[in-house]
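Protein chains in written order, with the numbering used here: chain A, 137 to 358; chain B, -2 to 248. Okay, so here's the structure we're looking at.
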Amino acid sequence: MIAQMSALLKRDLRLALRHGGESLMPLIFLFAVIILVPLGVGPGPNLLASIAPGMVWVAALLASLLALEQLFRPDLEDGTLEQWWVGATSPMALVVTRLFSHWLITGVPVIVFAPLAAEMLYLPDRALGTLMLTLLIGTPILSLVGGLASALTLGTNRGSVLLSILVFPMVVPVLIFSTGGITAAAEGFSARAHLGLLAALLILAVTLVPLATTAALRLNIE
Amino acid sequence: MIFHRLKVGFHRLGSPPTFHKLCRVLSPWLWAGFLLCAAIGLYYALYVVPPDYQQGDSYRILFIHVPAAWQAMASYVIMAILAAIALIWRIRTVEIMTMAAAPVGAAFTALCLATGSLWGKPMWGTWWAWDARLTSMLVLLFIYLGIMGLYAAFEDRRKGARVACILVLVGLVNIPLIHFSVEWWTTLHQGATIRLLGESRMHPSMLPPLIWMTIGVKLMFGAAMLDRARNDLLEQDRRKNWIRQLIGESA
């Protein structure tokens, strides 16, 4: 099982690296938002600092949506997905691996470059640690929820609109707790309550989403 | 013995003709019950209960707003129970009933948001506030819309229903969040004033119309859900033999 998982992970990462342009999309998206917003709402440092948590998070959210449409579809079309059920010891392990590689490709770059984005939006330095923590806890939830939505819409032919409608209500709590925590930290309060709730959401997502995603994929290849 | 008969009855519901017959028999009674309860409830609400000392007559919208809000959440719980039954026992009629519950629940959520907004303009001075309860109800509406959209997007109706049932169960996570949102975040929307256990923080004269309206709304949910399920079943099975026989009988 471990061998199958690591083979899939290596393949996914290699494909992402060779399609250099595509794997840079989340970062380009993040910085497009970060650069366009000050031009749109005006460059006042106070205004930008107050909307910085929300901007970074909305950008991370939209960046994670980009690759979702193609998360399982190519594998469904060339028949690989069926082989997961025929050949693999545990299809759920492969589903988890695929979601993990989605997070490595879309979540991690955003986390790495978040300090730069925060600096460009004048986020106070004392909130930077909280921003990084919320991204570290929150972006895996985005990948999990997005993967579930992608699996649910796999059997339809107009997946992309539906995909965003399904993802949006499920990620609202993540957005609220993350930006709430960062804003609290920026104002000098403790963000522990927000981070705790965010971690609870992550635990919930990690335990439930693989089950639901596997069930949805299975229904779609029947 | 009784248990055995219940079990047989439950299994018979899986058969489309039996299910269709049950819907046809139950639905007029539920509609009649709804009309009766709503008539009594609205009479009390509009003529018997005195106006509020501060809000005058405009508070009376709560007799629609509160039952609609309760039913918006109750519909989801009912739909989730149906979805679990449908996924576990793979009963097609229950799948159809689950999908019939979604638009009705969405309608109650929209009604709750609309009546709240109409009341909010003169009372809070705004149509909308980004308050915890309001936002979570809006999220509920989008979950309902997502379920309906997912069901409609599949060409194979049966597959669409089963995939949407998974989404129904996942979305259940949001229900406690909506229910407790007024207690966890004390924002603009008031907290719960009506309690099943202990004293309600509301004038006792307002309770009877509220109870009548709540019962009425529940009956209406049942009636609308059964009607929708029956329509969906008739449409899906329109080329099947049992429908031909049914038409033959009535013609």
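Just so it is clear, CB atoms sit at the ideal spot from N, CA and C, and this is done for glycine as well.
8 Å Cβ cutoff, residue i in contact with chain A
i: residue 142/B; result: yes
i: residue 174/B; result: yes
i: residue 139/B; result: yes
i: residue 108/B; result: no
i: residue 170/B; result: yes
i: residue 102/B; result: no
i: residue 147/B; result: yes
Alpha helix (DSSP H) segment containing residue i, residue limits
i: residue 125/B; result: Counting along the chain, residue 125/B falls outside any alpha helix (DSSP H), and DSSP gives it neither H nor E.
i: residue 356/A; result: 328 to 357
i: residue 38/B; result: 13 to 40
i: residue 224/B; result: 204 to 233
i: residue 177/A; result: 156 to 177
i: residue 168/B; result: 154 to 168
i: residue 91/B; result: 89 to 120
i: residue 47/B; result: From DSSP, residue 47/B is part of no alpha helix (DSSP H); its letter is neither H nor E.
i: residue 237/A; result: 227 to 238
i: residue 293/A; result: Careful: residue 293/A lies outside any alpha helix (DSSP H) and carries neither H nor E.
i: residue 69/B; result: 59 to 86
i: residue 277/A; result: 264 to 288
i: residue 190/A; result: 181 to 202
i: residue 241/A; result: Segment: none, residue 241/A is in no alpha helix (DSSP H) and carries neither H nor E.
CB contact below 8 Å: residue i versus chain B
i: residue 208/A; result: no
i: residue 335/A; result: no
i: residue 138/A; result: no
i: residue 289/A; result: yes
i: residue 271/A; result: no
i: residue 227/A; result: no
i: residue 201/A; result: no
i: residue 277/A; result: no
i: residue 339/A; result: no
i: residue 350/A; result: no
i: residue 182/A; result: no
i: residue 355/A; result: yes
i: residue 292/A; result: yes
i: residue 346/A; result: no
i: residue 187/A; result: no
i: residue 302/A; result: yes
i: residue 198/A; result: no
i: residue 298/A; result: yes
i: residue 145/A; result: no
i: residue 162/A; result: no
i: residue 284/A; result: yes
Supposed close pair residue i, residue j - CB separation, criterion 8 Å
i: residue 112/B; j: residue 36/B; result: About 19 Å; that fails the 8 Å criterion.
i: residue 288/A; j: residue 147/B; result: 6 Å
i: residue 220/B; j: residue 28/B; result: 5 Å
i: residue 106/B; j: residue 138/B; result: 4 Å
i: residue 341/A; j: residue 275/A; result: Incorrect: roughly 11 Å between the Cβ atoms, too far for contact.
i: residue 88/B; j: residue 11/B; result: 5 Å
i: residue 97/B; j: residue 222/B; result: 5 Å
Backbone CA spacing between residue i and residue j [nearest angstrom]
i: residue 266/A; j: residue 70/B; result: 34 Å
i: residue 224/A; j: residue 140/A; result: 7 Å
i: residue 177/A; j: residue 351/A; result: 44 Å
i: residue 174/B; j: residue 228/A; result: 28 Å
i: residue 33/B; j: residue 203/B; result: 19 Å
i: residue 148/A; j: residue 59/B; result: 55 Å
i: residue 260/A; j: residue 101/B; result: 47 Å
i: residue 248/A; j: residue 254/A; result: 11 Å
i: residue 85/B; j: residue 169/B; result: 17 Å
i: residue 171/B; j: residue 328/A; result: 22 Å
i: residue 284/A; j: residue 348/A; result: 7 Å
i: residue 231/A; j: residue 170/A; result: 32 Å
i: residue 337/A; j: residue 13/B; result: 40 Å
i: residue 257/A; j: residue 188/A; result: 6 Å
i: residue 158/A; j: residue 136/B; result: 31 Å
i: residue 92/B; j: residue 83/B; result: 5 Å
i: residue 177/B; j: residue 155/A; result: 46 Å
i: residue 56/B; j: residue 306/A; result: 33 Å
i: residue 73/B; j: residue 99/B; result: 8 Å
i: residue 4/B; j: residue 332/A; result: 45 Å
i: residue 302/A; j: residue 174/A; result: 30 Å
i: residue 20/B; j: residue 224/B; result: 7 Å
i: residue 244/B; j: residue 145/B; result: 30 Å
Within-8 Å CB hit, residue i to chain D
i: residue 219/B; result: Although the question refers to chain D, the structure presented lacks it and instead comprises the protein chains A and B.
### Message
Output needed in chain order: residues of the segment 308 to 330 of chain A with a Cβ under 9 Å from some Cβ in chain B.
### Response
308, 309 and 312
### Task
Output, in sequence order along the chain, the residues in the segment 110 to 137 of chain B whose CB is closer than 7 Å to any CB in chain A.
136
### Task
Taking a Cβ distance cut-off of 9 Å, strictly less, list which residues of the segment 150 to 168 of chain B are near chain A, in chain order.
150, 151, 152, 153, 156, 157, 159, 160, 161, 163, 164, 166, 167 and 168
### Query
Using a Cβ cut-off of 7 Å, which residues of the segment 231 to 263 of chain A contact any Cβ in chain B, in chain order?
none
### Message
For the segment 168 to 181 of chain A, list every residue whose C-beta sits within 9 Å of some C-beta in chain B, in sequence order.
### Response
none
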